Each structure stands twice: as structure tokens, then as C-alpha cells.
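The sequence shown lines up with residues 99 to 840 when you count with the working numbering.
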Amino acid sequence: MILNTISPSVKLGLHFCGVWPGTSFHYLHKICWVIAIITLQTYQYRFIVMHYSTDSLMNITDNLSIAVPFSLVFVKLVVTWINYGVFCDILSTMEQDCQKYTEMDINNLISKTGQVSFYLTSMIMSSYLVSAFFYLTGTIAFQGSNDSVSRELLFKMDLPFETNESPNYELVVTTQFLIHFSAALTFGSFTALLLMVVSVLHVGCQIDIMCQNLTDVLPKNENKLKHFISRYQEIIIFTEKIEKLFTYIALSQLVSNTINTCCEGFLIVIALNDDNGLPLLIKSVLFYAVICLELFVYCFAGEYLRIKSQLIGDTAYGVLWYDLRPNESQLLIPVILRSQKGFTLTFGKFSSLSLESFTSIMKISASYMSVLLAFGLHCAGLLPGVRLSVLYKLYWVILFSIFHTQQYNYLIQNYEFHTFIEIIDNVGICLPFSLTYIKVFIVWTHQNLLRNILSTMEKDCQRYAVIDTNNVISKTAHWSYRSTTAIISISVIAPVFYAIGIFGSPEVSATSHRKLLFKMDFPFDTDTSPVFELVIFGQYLYHVSSAFVYSVLSGSLLMVVLHVGCQIDIICQTLMETPYESEKQLKFFISRHQEIIIFAQKIEKLFTYVALSQLVTNTLITCCLGYLMSLRINSGFALFVKYVIVYVACALDAFLYCFAGEYLSTKSELLGDTAYKLLWYNIRPKETRLLIPVILRCQRGFTLTFGKFASLSMGSFTALQDRIYQSYLRCREEEIVQNNLP
99 MILNTISPSV KLGLHFCGVW PGTSFHYLHK ICWVIAIITL QTYQYRFIVM
149 HYSTDSLMNI TDNLSIAVPF SLVFVKLVVT WINYGVFCDI LSTMEQDCQK
199 YTEMDINNLI SKTGQVSFYL TSMIMSSYLV SAFFYLTGTI AFQGSNDSVS
249 RELLFKMDLP FETNESPNYE LVVTTQFLIH FSAALTFGSF TALLLMVVSV
299 LHVGCQIDIM CQNLTDVLPK NENKLKHFIS RYQEIIIFTE KIEKLFTYIA
349 LSQLVSNTIN TCCEGFLIVI ALNDDNGLPL LIKSVLFYAV ICLELFVYCF
399 AGEYLRIKSQ LIGDTAYGVL WYDLRPNESQ LLIPVILRSQ KGFTLTFGKF
449 SSLSLESFTS IMKISASYMS VLLAFGLHCA GLLPGVRLSV LYKLYWVILF
499 SIFHTQQYNY LIQNYEFHTF IEIIDNVGIC LPFSLTYIKV FIVWTHQNLL
549 RNILSTMEKD CQRYAVIDTN NVISKTAHWS YRSTTAIISI SVIAPVFYAI
599 GIFGSPEVSA TSHRKLLFKM DFPFDTDTSP VFELVIFGQY LYHVSSAFVY
649 SVLSGSLLMV VLHVGCQIDI ICQTLMETPY ESEKQLKFFI SRHQEIIIFA
699 QKIEKLFTYV ALSQLVTNTL ITCCLGYLMS LRINSGFALF VKYVIVYVAC
749 ALDAFLYCFA GEYLSTKSEL LGDTAYKLLW YNIRPKETRL LIPVILRCQR
799 GFTLTFGKFA SLSMGSFTAL QDRIYQSYLR CREEEIVQNN LP
């Protein structure tokens with residue numbers, strides 16, 4: 099059994115680098131690294147400078163993309179050497195924590211974390227070595243396809259002697275090979291070290307242990323509260339040491355990764371448009387993936403620390419603190435306040451590392467690559483308890499397997515023969531079906547959670563109908579019914595308009611070929627009767643069924659969010675309208691708030707990845723349909739109407755998800771305002787203190803995110819629509835230029 103969160107893989111890698119405490123001849127390791135890196139980098143950058151005016155842009159980019167990672171390795175080593183005392187202190191603290199808190203680890207979190215640490219760090223370090231191997235393979239293959247007779251090195255260097263002759267060439271290539279793999283191992287070791295120390299690993303493990311211990315013992319053992327607070331202070335000090343060690347490493351990582359991402363993106367685009375671009379793809383694609391992986395690990399570490407800090411605040415608020423003595427419950431207030439600040443992991447003290455930082459950087463990189471691609475290609479049974487639910491699942495699996503496979507098969511088979519507009523048309527109708535399948539699959543995997551949400555809704559309505567003096571439940575039910583019916587109706591009408599647009603278009607009447615609703619590559623002839631009629635009927639049934647399920651899931655999110663708002667309105671109305679008589683009334687308000695927090699967390703867990711897939715596909719769909727609508731305005735009403743309702747349904751779906759996040763945030767503010775507007779200055783001080791954690795927790799709000807990356811809000815919706823509109827304008831400008839339109 100592993101009783102330590104220190105990964106053997108990281109220990110081996112850092113021993114190799116010479117920075118692990120107690121490494122033999124560590125001064126010799128330092129001298130070797132300094133000589134190797136400085137020599138390599140001097141001649142690498144000398145080559146770039148000397149050949150800047152004569153080399154092509156592709157060669158300059160290629161040389162720069164491999165020189166920058168070696169610079170980053172050297173920066174990481176130097177920062178670690180400078181902060182060696184902090185580094186040793188972090189490792190010794192990790193070992194002491196695992197020994198000291200093993201007794202209270204009743205769920206074996208340390209052992210489980212140790213195993214996860216070993217697997218993840220080994221995988222990360224292996225990916226760097228594999229990337230180095232593929233880079234060298236691509237370099238050698240590129241040299242083999244080159245007509246030049248000169249013997250090229252693995253990395254371009256301007257050495258002061260002739261390298262084409264033996265044995266100079268073999269010695270230099272062997273040295274470059276060893277330095278490349280050594281640097282790759284060092285690179286991966288530092289990334290794995292951060293993951294081991296911060297993320298799913300040591301800090302997270304220790305926080306989970308102390309939160310589990312507090313939840314299990316309070317209020318039975320009140321002395322454990324001080325241990326919880328002192329342990330929290332120790333973790334704060336530990337995270338400050340992590341920040342001190344990694345902040346400038348993260349800054350250098352950000353700068354170099356930005357340069358590398360742009361360089362590798364440029365090379366990948368060049369390779370995609372080159373008939374002999376396979377060697378360049380081999381050396382660039384995996385290298386690009388590893389760069390993105392490293393950036394993700396750093397940003398994920400910062401995000402994970404923030405989430406774990408929130409967990410401490412939630413745990414402190416979630417215990418029965420209102421049953422403790424006032425002098426003990428007061429101790430939790432600074433904990434909740436400090437947890438809202440969070441643990442900070444920054445790059446160079448400039449900005450916090452988070453998944454939002456990662457998506458911003460990747461968005462910039464993706465925008466850069468999309469410009470390059472545009473230039474290079476020339477614009478080239480879900481409800482729990484339903485009978486025969488297995489048959490419903492089987493129906494959907496068969497339906498998607500047959501129709502969706504044939505859709506994408508047609509796209510692939512006819513990709514080279516279709517115009518750009520035809521490809522966009524086919525992709526625009528395929529994506530909604532893919533999204534429907536993703537939604538259905540996610541709900542299948544969380545069916546117990548869905549059952550729990552629905553049963554909680556039913557119990558809430560029965561239990562709190564007595565105190566609902568303003569009939570909020572009844573009014574919300576009517577509003578929910580009308581809204582969800584309208585959403586489902588719009589989505590079901592969309593297939594009808596799509597079919598009208600298909601069969602009413604002049605293209606159908608102008609050709610003798612019988613056109614299907616969706617382009618599919620069937621293994622039989624679909625022009626003859628009754629095959630054509632059967633396929634059309636099957637496609638229409640497939641379209642309507644998918645549209646219905648697509649909208650039902652969106653309507654279900656609106657339904658559960660309206661339920662949360664309804665329950666919040668009831669408890670706020672009860673607290674404000676009922677004369678305050680006893681502490682029990684206040685405790686009911688607080689316990690009900692805690693129940694709603696748990697319910698909102700279940701909604702987030704069920705819908706977060708549905709929302710992420712919704713965001714990605716809706717962006718693509720609305721861009722495709724908006725582009726096609728702009729082209730079809732002057733091509734007849736039938737072709738135009740084919741896309742309008744589908745476009746409206748997609749935009750409405752995105753609006754619903756963003757509205758749900760905004761609505762939950764607004765209702766959380768309402769709870770805080772209600773707690774503050776209560777005549778708390780007329781209540782006893784002991785009872786007034788109970789309201790402080792409520793107000794603090796309400797400031798954080800209920801979170802509804804897409805894929806844990808960013809919160810859903812109306813700001814997200816307007817930003818998304820703005821990006822889509824800008825994309826549409828760019829497409830129109832390119833279309834005008836290509837067709838010489840006024």
C-alpha cells in the first residue's frame with residue numbers, strides 16, 4: 099500500500115535533473131546542465147540570427163519553436179536552484195503530512211492519492227519522452243524527403259567546425275539526441291511535480307482529510323474545531339511556498355508556450371496544405387499537444403486550489419454551527435472569509451492561474467490558427483422510472499448508429515467533390531444530432547442524479563406548500579409549463595420548416611434526382627420506390643425525435659432552475675412576512691439555504707458538461723447557419739426558411755443555458771439581501787451572528803458552469819453572440835471579395 103503522495107516517477111526525474119534533496123554529486127549535475135544548455139542555446143540562437151535574412155519563414159519558425167523549450171528548461175532549473183531551500187521544505191512537509199495524518203485518514207485518501215499521483219505523473223512524463231521521439235522521427239523523415247545532399251543536424255546550429263564529415267556529424271547528432279531526451283525528461287518532471295504537489299494530489303488530499311474529519315466529529319467533539327483551523331493555517335503557509343517556487347516558472351511557461359503555440363500552429367497549417375507535409379506533421383502535432391497539456395496542468399493547478407479553498411468554506415458553513423456555542427461558532431467566520439479569498443497560484447505575480455486563463459490563451463491561439471487556415475485554404479428513454487427504458491435506449495442507439503454514421507460517412511466520402519457552401523450545409527445539420535446524442539449519453543450516465551433531482555423537486559413542493567401563502571409554487575408551475583411547451587414547440591416546428599425548405603427549393607425541381615432530407619451515403623439505391631419514401635419517412639422521424647429530445651433537455655434545465663427560484667422566494671417570503679418569534683425560525687431559514695445549495699450543486703453536476711457540449715456545438719451551428727442564411731437571402735424564400743427556425747432554436751437554446759446561470763446568481767443575491775433586510779438589529783446578538791455566514795455564502799452565489807471552465811451568465815451569451823456575428827461578418831467579407839460583389 100502506498101502511504102505517501104510523493105510519486106516515484108517524479109523522484110526519479112528530479113534525481114536525474116540533480117535537484118532532488120540528497121542527490122549524489124549534485125554540483126556535477128549543475129555543471130553538466132549549465133555547459134550543455136548554454137552551449138546548445140548559444141549555437142542555436144546564433145544560427146537563427148545568422149540565417150534570419152536568408153531562411154524562409156517556415157525554417158525560422160521551426161528553429162525558434164525548438165530553441166525556446168530548451169530556454170524554458172534552463173529557466174526552470176535556475177529558479178529551482180535559487181529557491182532550493184523552499185523546494186526541500188515543500189518535499190519534507192509533504193512527507194511529514196502523510197506520516198502525521200495517516201491515523202485520521204479513515205477513507206485511505208493518502209493511499210488512493212499516492213496511486214493517482216504515480217499514474218498521472220508517469221503518464222505526463224511519458225508523453226514528453228514520446229513527443230521528443232516523434233519530433234526526432236519527423237526531423238529524420240523530413241531530411242530523408244529533402245533533395246539536399248548535405249547531412250543536416252537534428253537541431254540547426256551554427257557550430258565553429260564542419261559537421262558534414264565523420265565522426266563529427268555522428269558525435270554532434272548523438273549529443274543533440276541525448277540533450278533532447280534529457281531536456282524532455284526534465285521538462286516533464288517539473289510539470290509532474292506541480293501536479294503532484296498541488297492538484298488532485300497532496301494539497302487536495304490534505305484538505306479532503308481535514309474536511310472529512312470536521313464533518314464527522316462536529317458537533318460531538320468541539321475541540322476538533324481548533325485543530326481544523328490550525329490545519330487550515332498550515333495549508334495556507336504550504337500553498338504560499340508553492341506559489342513562491344512556481345510563480346516565475348509559470349510566467350516563463352506562459353511566455354514560451356505562447357511563442358511555441360503560434361510557431362507550431364503555423365507549421366501545422368503549412369503541413370496540412372503541403373503534399374509532402376507528413377514529416378512536418380509528425381514532428382509538430384504531438385509537440386503542440388504536449389505544449390497545450392503543460393499549459394493546462396499549470397492552469398488546472400491554480401483552478402484546483404481555488405476549488406479546494408471553496409470546499410473549506412463550504413465545509414465550515416455546512417456543519418451545524420448554529421448548534422455550537424456562540425464563542426465557538428464565531429471561530430468559523432474568519433475561516434469562511436479567508437476561504438473566499440482562496441489559495442493563489444499566479445504567473446509572475448501578474449495574474450492568477452485558472453481554467454479561465456487557459457481558455458483565454460487557447461482562444462487566442464485558436465484565433466491565430468483559424469486566420470492561418472482561412473488564408474491557407476481560401477475559406478476552404480431519459481426520465482427515471484419509465485417502463486421499458488432499455489428499449490428506449492436501444493432505439494436511440496440504433497437510430498443514431500444508422501443515420502448519424504451514414505451522415506458523416508457521406509461527408510467524408512464526398513468532401514473533395516463538394517463546394518465550401520455544400521460542406522457547411524451538411525455540417526450545419528449533422529452537428530445538432532451529435533449534440534443530441536451527447537446530451538442523451540450524459541443523462542444516461544447520471545440517471546441516478548436526475549432521479550434524485552426530480553424526487554427532491556416533488557418532495558419540496560409537497561413539504562413547503564403549507565407555508566406558500568402567495569401560491570408561488572402554483573404560479574411557478576404554470577410559468578414552467580408554458581415556457582417548456584413553447585421551447586419544445588419551436589424545436590419540433592424546426593424540422594417541418596427544414597423539410598419545406600428542402601422540397602420547396604428550386605434545386606429539387608430543376609433535377610430529376612430525388613433528394614433526401616439529409617445527405618447520407620447508403621449502401622443501396624434510394625431513388626427507386628418504395629425505398630425513397632421509406633428513407634424519407636425514417637429521416638423525418640429521426641429529425642423530429644431528435645429535435646424533441648434536444649428541447650426536452652433544455653426545458654428540463656429551465657424547469658429545475660425555476661424550481662430553485664420558487665423555493666428561494668418561499669423561504670424569503672416566510673422570513674420577511676412572518677413575525678420573528680424564536681431562533682428556530684432563523685435556523686429553518688439557514689438549514690433550508692443549505693438544502694438549496696446541495697440541490698444547486700446537483701444541477702451543476704448534471705448539466706455542466708451538457709452545457710459545455712452545447713456551447714461548442716451551438717457556436718459551430720450558428721456560424722454555419724448564419725453564413726448560409728446570408729447567402730440564401732436572394733436565392734428564394736424556401737431555401738431561406740430552411741435555416742431560419744433551426745437558427746432561432748439554436749440561439750434560444752444557448753440563451754436558456756446562460757439565462758439559467760444568471761437566474762441562479764440573481765436568486766442567491768436575493769437570499770443575501772433578505773438576510774440583511776431582516777430586522778437583525780432587533781434580534782439578540784447570539785441569533786444575529788447566525789446571519790453572517792449566510793450573507794457571506796450568498797455573496798459567492800450558486801454556480802452553473804460549462805465544463806467547470808467558466809460561469810454561465812447573460813454576459814456569456816452576449817459575448818458568444820458577438821463572436822458569432824464577427825465570424826459572420828468575416829465570412830461575408832471573404833464571400834464579397836471572392837465573387838467581386840459591390
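Note that the Cβ used here is the ideal one computed from N, Cα and C, for glycine as well.
Every value quoted in this text rests on a predicted model; they were computed, and no experiment measured them.
Item: Taking the alpha carbon of residue 354 as the point to measure from, which residue in 742, 768, 164 and 104 has its own alpha carbon closest?; Value: 164
Item: When you compare only the Cα positions, how much space is there between residue 293 and residue 615?; Value: 50 Å
Item: To the nearest angstrom, how far is it from the Cα of residue 235 to the Cα of residue 138?; Value: 20 Å
Item: With distances taken between CB atoms, is the gap from residue 157 to residue 146 smaller than 7 Å?; Value: no
Item: CB-CB under 7 Å to residue 568, same chain, minus the five flanking residues each way: which ones, in chain order?; Value: 671
Item: From residue 492 to residue 535, what distance separates their C-alpha atoms?; Value: 13 Å
Item: Write down every uninterrupted run of the alpha helix (DSSP H) in the segment 188-247 whose length is 4 residues or greater and which is fully enclosed by it, in chain order.; Value: 207-243
Item: Spatial neighbours of residue 348 within its chain, please: C-beta separation below 8 Å, excluding the five flanking residues on both sides.; Value: 396, 443, 444, 445, 446 and 451
Item: Please report the straight-line C-alpha distance between residue 472 and residue 393, rounded to a whole angstrom.; Value: With a pLDDT of 34 at residue 472, under the threshold of 50, the predicted position of this residue should be treated as unreliable, though the coordinate-derived value follows. Their Cα atoms are separated by approximately 26 Å.
Item: If you draw a straight line from the alpha carbon of residue 295 to that of residue 412, how long is it in whole angstroms?; Value: 23 Å
Item: Could you tell me which residues DSSP pairs with residue 808 in its beta bridges?; Value: 804
Item: When DSSP labels each residue in this structure, what does residue 445 get in the three-state scheme?; Value: strand
Item: Apart from the five residues just before and just after residue 744, which ones in its own chain have a Cβ nearer than 7 Å to its Cβ?; Value: 592, 596 and 723
Item: Measure the beta-carbon distance from residue 586 to residue 531 and round it to whole angstroms, keeping in mind my assumption that it falls under 8 Å.; Value: Actually they do not touch by this definition, with Cβ atoms about 17 Å apart.
Item: For residue 649, count the other beta carbons within 10 Å of its own beta carbon; 16 or more makes it buried, fewer makes it exposed. Which is it?; Value: buried
Item: Quick one: residues in its chain with C-beta nearer than 6 Å to the C-beta of residue 800, no 5 flanking neighbours on either side, listed in chain order?; Value: 698, 762 and 766
Item: Going straight from the alpha carbon of residue 343 to that of residue 527, what length do you get?; Value: 50 Å
Item: Can you tell me whether DSSP reads residue 105 as helix, strand or coil?; Value: coil
Item: Using C-beta distances below 6 Å, list every residue in its chain close to residue 795, excluding the 5 sequence neighbours before and after it, in chain order.; Value: 415
Item: Compute the distance between the beta-carbons of residue 747 and residue 588, then report whether it is under 7 Å.; Value: yes
Item: Quick one: is residue 150 buried, meaning 16 or more other Cβ sit within 10 Å of its Cβ, or exposed?; Value: exposed
Item: Please list the terminal residues of the continuous alpha helix (DSSP H) segment that includes residue 143.; Value: 124-148
Item: Mapping the DSSP letters down to three states, classify residue 587 as helix, strand or coil.; Value: helix
Item: Report buried or exposed for residue 275, applying the criterion of at least 16 other Cβ atoms within 10 angstroms of its Cβ.; Value: exposed
Item: Return yes when the Cβ of residue 434 is within less than 7 Å of the Cβ of residue 791, no when it is not.; Value: yes
Item: Could you check whether the segment 127-135 touches the segment 111-118, counting it as contact only if at least three pairs of C-beta atoms, one from each stretch, sit closer than 8 Å?; Value: yes
Item: Considering only the beta carbon of each residue, do residue 410 and residue 437 sit closer than 7 Å?; Value: yes
Item: By alpha-carbon positions, which one of 548, 709 and 817 ends up nearest to residue 802?; Value: 709
Item: Since residue 281 is in the alpha helix (DSSP H), which residue starts that stretch and which ends it?; Value: 266-295
Item: Classify residue 452 as helix, strand or coil using the three-state DSSP reduction.; Value: coil
Item: Just the Cα atoms here: how many angstroms apart are residue 620 and residue 640?; Value: 16 Å
Item: Put residue 507 into one of helix, strand or coil per three-state DSSP.; Value: helix
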